[in-house]
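K.L.:
First the structure, which I've put down as structure tokens, then a few questions once you've had a look.
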Amino acid sequence: MPQDDDARESWAKRTAHQLVDGALAASERSAASHPSPDQVALLREIVRRALWHMPNSEDELKSLRDFTENLHKPGADEPPWP
Numbered sequence: 058m059p060q061d062d063d064a065r066e067s068w069a070k071r072t073a074h075q076l077v078d079g080a081l082a083a084s085e086r087s088a089a090s091h092p093s094p095d096q097v098a099l100l101r102e103i104v105r106r107a108l109w110h111m112p113n114s115e116d117e118l119k120s121l122r123d124f125t126e127n128l129h130k131p132g133a134d135e136p137p138w139p
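Numbers given in my numbering equal positions in the sequence shown, counted from 1, plus 57.
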């Protein structure tokens, strides 16, 4: 059911947002506009660990590659999620 899929995706985005923000807060207390090298390493390992657990990680990587093509371009100061 599409409604169930929408609810699942919404829940997943909110939960991931909280988990990553919590991990970043735990790794460094200062509120910098860009993550520190330690935080970048932590984020990279979170992504690797998450992909390890996904049965369709190759498809997910393709989707993420498409998503990231528009990140960090001029005018993209904020992430495209709340």
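Every residue gets a Cβ at the ideal spot worked out from N, C-alpha and C, and that includes glycine.
With DSSP collapsed to three states, give me the class of proline 112.
P.N.:
Proline 112 falls in the coil class under three-state DSSP.
K.L.:
With DSSP run on the structure shown, which of helix, strand or coil describes glutamate 102?
P.N.:
Three-state result, glutamate 102: helix.
K.L.:
Helix, strand or coil for proline 92? Go by DSSP, reduced to three states.
P.N.:
Three-state DSSP puts proline 92 in coil, outside helix and strand.
K.L.:
Compare the C-alpha of valine 77 against each of Ala64, Ser114, Asn127, Gln96 and name the closest.
P.N.:
Ranking Ala64, Ser114, Asn127, Gln96 by Cα distance to valine 77 puts Gln96 first.
K.L.:
Smallest Cα separation from isoleucine 103: which of Leu128, Gly79, Asp62?
P.N.:
Looking at the Cα atoms, Gly79 is the closest of the given residues.
K.L.:
Nearest-angstrom Cα distance between threonine 91 and histidine 74?
P.N.:
The residue you asked about is not threonine; residue 91 is histidine in the sequence shown. Each residue's Cα considered, the two are about 16 angstroms apart.
K.L.:
Could you check the C-alpha separation between alanine 69 and aspartate 63 for me, to the nearest Å?
P.N.:
So the two alpha carbons sit approximately 10 angstroms from each other.
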